[in-house]
Each structure stands twice: as C-alpha cells, then as structure tokens.
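Trainee: Going left to right, the sequence shown walks through residues 8 to 131 as our numbering numbers them. For every residue, glycine included, the Cβ atom is placed at its ideal position computed from N, Cα and C. Submitted below is the structure of interest, expressed as structure tokens.
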Amino acid sequence: MMVQSFSLLPASLFVMLTVAACSSLEVPASNQVAISGAAVDAATSAEGTQYAPIEMSQARDKLKRARLALHDHDYSLARDLARQAEADAKLAQAKANSAKSRQAVDALQDDVRVLNEELQRTAP
C-alpha cells in the first residue's frame, strides 16, 4: 500500500508543476497583450495609420492573433505575437513622428527662404 503512494508522488508532482507553469505563463502573456494594445493605441494617436500603414496593419493583425491565442490558452504564442505587435506599433509610431518632424523642418526652411527673399528685396 505504501509503495503505491510513493509511485504516484512523481506523477502528482509533475501535474502540479505543469499547472503552475501554465498559470505563470498566463500572467506575463496577458500583460504583454495589454502592453501591445497600448503601443498600438499610441501609434494610432501618433498618426501611424497615415504615415506607416503597413506597420500599423501588421501590428493590429498580430495583436488580434495574440488575443485569440490568449483566449485559446496558448500563452507562449500570445506572448510572442504580442511582442511582435508591440515592435511593429513602435516602428509605426517612430515613422509617423519622423515624417511629421520632416514636415516641420520643411515648413521652417520655407519660412526662412521667404524671409531671405524679403530681406533681398528690401536691401539697398
């Protein structure tokens, strides 16, 4: 009777560790999906859709797939897709910020050009 109890101990321990590992993956995966969602929102606010439509589309697609994987309890896939979505969203935001900065520089250069032309006209 005692021998049977000891032979079940390794199997029970394995099951408990597997359940603990799965539940520990869920929290980081759900956190990563939330972080990625915030990154996509930030990129959208930065006009990423206008300036980096491909990256935004990829970020949204990967975030959607990460949410589905999380729902299906595939935490490893959810975490990986969420990280990829975050990277795509950050790239889109950087491209949008860069494009807007370039536009601002161009506008300032036009202003300087106009001022120089005015100075040339009024110079004796």
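How would you write the range of the alpha helix (DSSP H) that Glu54 sits in, first residue to last?
Mentor: It is not in any alpha helix (DSSP H) - Glu54 carries neither H nor E in the DSSP assignment.
Trainee: Once DSSP output is grouped into helix, strand and coil, what is the label at His78?
Mentor: His78 falls in the helix class under three-state DSSP.
Trainee: Sorted by chain position, which residues of the same chain lie with C-beta nearer than 7 Å to Leu88's C-beta, five sequence neighbours on each side aside?
Mentor: The answer, listed in chain order, is Lys69, Arg72, Ala73, Ala76.
Trainee: Indicate whether Ala36 and Arg86 have their beta-carbon atoms separated by less than 8 Å.
Mentor: Cβ distance < 8 Å, so Ala36 and Arg86 count as in contact.
Trainee: Quick one: grab the DSSP three-state call for Pro131.
Mentor: Correct three-state label for Pro131: coil.
Trainee: On the criterion of 16 or more Cβ atoms from any shown chain inside 10 Å, does Ala103 qualify as buried, or is it exposed?
Mentor: Under this definition Ala103 is a buried residue.
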